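Structure record follows, encoded as structure tokens.
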DNA sequence: TTCCGGTACG
DNA sequence: CGTACAGGAA
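In our numbering, the protein residues as written are 406 to 681.
Structure representation (structure tokens):
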């Protein structure tokens, strides 16, 4: 009973703060499930501020699932260039093709069948576009909820705690939590002095930072990105790719094999091209 | 568990 | 120069 009251007060404070300070991202004023899908896939592992211009250009050129489904992958990757994780772009186009043919799945399980749509993105679409009463637990919610409770929560517990806090407007609560996590309850140096719910929080200690990523310079990821950028501009022979990337032939060979397996590139005569 | 981009920030 | 990013798939 007392627990419910604490949570109710904390959520009231959260939503009051959000209504006064919400970041005006373009997708937040939209309910079109396609627009939400595009934004959410772009937002996977990419800061929201950086997604905005990509989202605008993408929606202008591919305003509907059919438009995207019919687009050459080369053009899709061209508009994607700079966002990273190029497989997301192909999966997004593949998802658009499914939707253009079969229509939209009407629940979270159905949405998760779409390429590139996992637990988070499915719940985000269900909540933001379809008004479903579900919590979209992303990295922000995981961190904020863990800090509120003073311990790192496992996925099942996180989902349960989030659903319990949702309130009548799931989309608004989800977005409020993400804003709080991004702007106040940051991973390092959180602004607890500016936090609207500090009095109901156990403090920042519970957050466990992720294991550091390997160096990007000289990595396979850098090579893959360089190959895609080259092939988006023009087809190239294997030798030309070795020359332009500056990596040795063995690594270029491996990268091309992986990219081909993922459906991003394919051989065309004596050259490599972006896959259809 | 590991890998997958590229950018911007302190 | 290290860090973090509205995750998903193999």
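The beta-carbon is built from N, C-alpha and C at its ideal position, and this holds for glycine as well. Given the structure is predicted, the values throughout are model-derived calculations rather than measurements.
With a CB to CB cut of under 6 angstroms and the five nearest residues on each side skipped, what residues in its chain are close to residue i?
i: residue 613; result: 557
i: residue 439; result: 470
i: residue 602; result: 415, 418, 419
What is the DSSP secondary structure of residue i, reduced to helix, strand or coil?
i: residue 677; result: strand
i: residue 602; result: coil
i: residue 641; result: strand
i: residue 481; result: helix
i: residue 667; result: coil
i: residue 672; result: strand
i: residue 609; result: helix
i: residue 419; result: helix
i: residue 587; result: helix
i: residue 431; result: helix
i: residue 625; result: helix
i: residue 486; result: coil
i: residue 596; result: coil
i: residue 539; result: coil
i: residue 619; result: coil
What residue range does the alpha helix (DSSP H) around residue i cover?
i: residue 515; result: 513-516
i: residue 583; result: 575-584
i: residue 470; result: 470-474
i: residue 530; result: 524-533
i: residue 553; result: 544-554
i: residue 653; result: Premise fails: residue 653 is in no alpha helix (DSSP H) and is neither H nor E.
i: residue 560; result: 560-570
i: residue 519; result: Residue 519 -> no alpha helix (DSSP H), and no H or E assigned at all.
i: residue 447; result: 438-448
i: residue 461; result: 453-466
i: residue 497; result: 492-507
How close, in whole Å, do the beta carbons of residue i and residue j come, if the pair is a contact with beta carbons under 8 angstroms?
i: residue 657; j: residue 670; result: That belief does not hold up - the Cβ atoms of residue 657 and residue 670 are roughly 12 angstroms apart, past 8 angstroms.
i: residue 607; j: residue 553; result: 6 angstroms
i: residue 570; j: residue 466; result: 38 angstroms between Cβ atoms; not a contact.
i: residue 485; j: residue 494; result: 4 angstroms
i: residue 555; j: residue 611; result: 5 angstroms
i: residue 708; j: residue 492; result: Past the boundaries of the shown model lies residue 708; the chain is included only from 406 to 681, so the question cannot be answered.
i: residue 629; j: residue 664; result: 6 angstroms
Are residue i and residue j touching if we call contact CB-CB under 8 angstroms?
i: residue 575; j: residue 527; result: no
i: residue 703; j: residue 546; result: The requested residue 703 is not part of the displayed model; the chain covers only 406 to 681.
i: residue 641; j: residue 676; result: yes
i: residue 525; j: residue 540; result: no
i: residue 442; j: residue 500; result: yes
i: residue 587; j: residue 453; result: yes
i: residue 521; j: residue 496; result: yes
i: residue 534; j: residue 436; result: yes
i: residue 478; j: residue 455; result: no
Who are the near neighbours of residue i in its chain, counting only those whose CB is closer than 8 angstroms to its CB and skipping five residues on each side?
i: residue 450; result: 489, 490
i: residue 423; result: 577, 580, 581, 584, 585
i: residue 653; result: 647
Output needed for residue i: all residues of its chain with C-beta closer than 7 angstroms, excluding positions within five of it in sequence on either side, in chain order.
i: residue 572; result: 416, 578
i: residue 502; result: 474
i: residue 627; result: 621
i: residue 431; result: 457, 460, 461
i: residue 636; result: 670, 677, 678, 679
i: residue 673; result: 640
i: residue 410; result: none
Heavy atom of the ligand COA less than 7 angstroms from the Cβ of residue i, yes or no?
i: residue 523; result: By its list of ligands, the structure shown contains no ligand whatsoever, and the ligand COA lies outside what it can speak to.
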